[in-house]
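Take a look at the structure set out below.
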Amino acid sequence: MESLSPPPFPSNGMGAMGGGQPSNAGSPLSSSSYETSSPYPPRSGREDMSSPSSYNGYGTESSDYKKKKGPVPRQQEELCLVCGDRASGYHYNAPTCEGCKGFFRRSITKNAVYQCKYGHNCEMDMYMRRKCQECRLKKCLNVGMRPECVVPESQCQVKREQKKARGKEKKEYPPVGSPIAEEKFPAVSPCNTMGPSEQRTSTSTYYNKLYAGCISLNLSPVPQTIKPNMPVPPMTSDQEELISTLVHYQEEFEQPSEADIKRIQEIGISDGDSEDPKFEHITKMTILTVELIIEFSKRLTGFGDLLREDQITLLKACSSEVMMLRAARRYDAKTNSIVFGNSYPYTESEYETAGLGFSAPMLFRFCRNMCRMKVDNAEYALLAAMSIFSADRPFLREAYKVQKLQEIYLNALIAYVANKRAVNSYSIMIGKLLNVLTELRTLGNLNSEMCYRIQLTDKRLPDLLNEIWDVTPK
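For the sequence shown, position 266 matches number 266 in the UniProt record's numbering, and the numbering has no gaps at all.
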């Protein structure tokens, strides 16, 4: 694995390679043309638990993981923050009852528009929740429930079909983009284990899944060039230049310089954290990584053409996902550790010692999976760009422009992989890489829940992370 990069915080990775320095020592959004205040009105309730991947407090992850997270931590009163009924668990980023969970899911999937008949300011309780849907949905958002945590029905259907197909076709590869699948099924080369006819069948199956996956991720349909048994056209000169520039900036703004590390040591954290050096070290390196990711993002082709408000929305929304990719780039398979920018390796057990053990198992599975896939620098950079230019982030004013940019990087990824990989396996690799984007959504959600759990302890996040991730400090 080329160029290692520092580990993640709760669910993200740290800096890595090249010597780029952030342009400021304060908030990366408050200088270099960005302000710290949100253009959107503040929300009440549990706004502090918003995801690192959202500018206005809404996360970016699949909610399947969330819906299985069990009861609300005992330190928190087990009441639904929406209506006051008994909370059944932590749903879509907030402790809620089953009724409010289902109501929120249905409202988001159906894009429901409600109308209040009582003055648009109803006090929500177990009685009024049935009377006023508009105020109930408003309360759901105010307490921190996130629309992006709701898995689109199209994506649920794709997952159901994949599960059904795996049950019928024992020999077919599982979706390798899933770290869990990779943990159970060691990654091997399909060219070495299948005959020609089996390869064609598997490739065709993955092409169909890839097409469906693009639809579920709001990506344009996959170009015809990746269909099996068709000649692969060479990359265009524009695509080659795009990838070359992308890799250059990835390396320039990945590895923290000595000056960066020295500067980050000067950023203070509360005295209460001084007894927890591992937690303090991770959070300080996370600050530096966020700044480097912002500088990298601002240099991507097309980013500067977006509205300033949309730029900020994308920067806040992508941080956890891009840091996950950086964690994978810094993963050392020999020691099963993630190596920080100052060459300090962190294992799963050390994450637990730092109080971040909740996210460690899933994070390390993801890193091992990416290592097995042998994702190279260009593929990492293209995945990062596609994560940054995600048109489904909440509150984007010109989402269509973001989608057009994502399509440019998607087509570049497809062309690159098609020309680099073996003819019988490149479409499988493209399918795996697109599954990684879905996996990043799920993994990034851990960061939001980790922030919530940290709020229930005597630890606290540095002010800069509170600002970027919309966490209200205790």
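All residues carry an ideal CB built from backbone N, CA and C; glycine is no exception.
Given the structure is predicted, the values throughout are model-derived calculations rather than measurements.
Boundaries for Y90: no alpha helix (DSSP H) harbours it, while the beta strand (DSSP E) harbouring it runs G89 to H91, taken from the DSSP string.
Cα atoms of H281 and A381: separation of roughly 26 Å, rounded to the nearest angstrom. Take the alpha-carbon of N336 and the one of V82: they are about 42 Å apart.
Here S337 carries a strand assignment [DSSP, helix/strand/coil]. Judged by DSSP secondary structure, P95 falls within the beta strand (DSSP E) whose first and last residues are A94 to T96. In the DSSP secondary-structure assignment, L79 is bridged to R86. Under DSSP, D332 forms a beta bridge with S337. For Y346, the secondary structure class from DSSP, reduced to helix, strand or coil, is strand.
Straight-line measurement puts the Cα of D376 at about 27 Å from the Cα of T283. Taking the C-beta atoms as reference points, T313 is found nearer than 8 Å to F395.
Restricting attention to N419, L410 and M285, the CA atom closest to the CA of S343 is found in M285. Restricting attention to Y118, V247 and G99, the CA atom closest to the CA of M126 is found in G99. Around the beta carbon of T96, a 10 Å sphere encloses 16 or more other beta carbons of the protein chains shown; the residue is thus reported as buried.
From the listed residues L79, K459 and M373, the smallest Cα separation to N435 is found for M373.
For A422, the three-state secondary structure derived from DSSP is coil.
In this structure S320 is not in contact with G144, their Cβ atoms being roughly 16 Å apart against a cut-off of 8 Å.
Assignment of P256 by DSSP, reduced to helix, strand and coil, places it in the coil class.
Nearest neighbour of E258 by Cα position, chosen from F340, K316 and L79, turns out to be F340.
Residue range P277 to K298 is occupied by the alpha helix (DSSP H) that includes H281. C132 and Q115 have their C-alpha atoms spaced approximately 8 Å apart. Three or more Cβ pairs closer than 8 Å define a contact, and the stretch 297-316 falls short of that threshold against the stretch 419-427. Just so you know, the alpha carbons of P361 and Y351 end up roughly 10 Å apart. Non-local beta-carbon contacts of Y400 in its own chain, meaning distances under 8 Å to residues more than five positions away in sequence, involve A391 in chain order.
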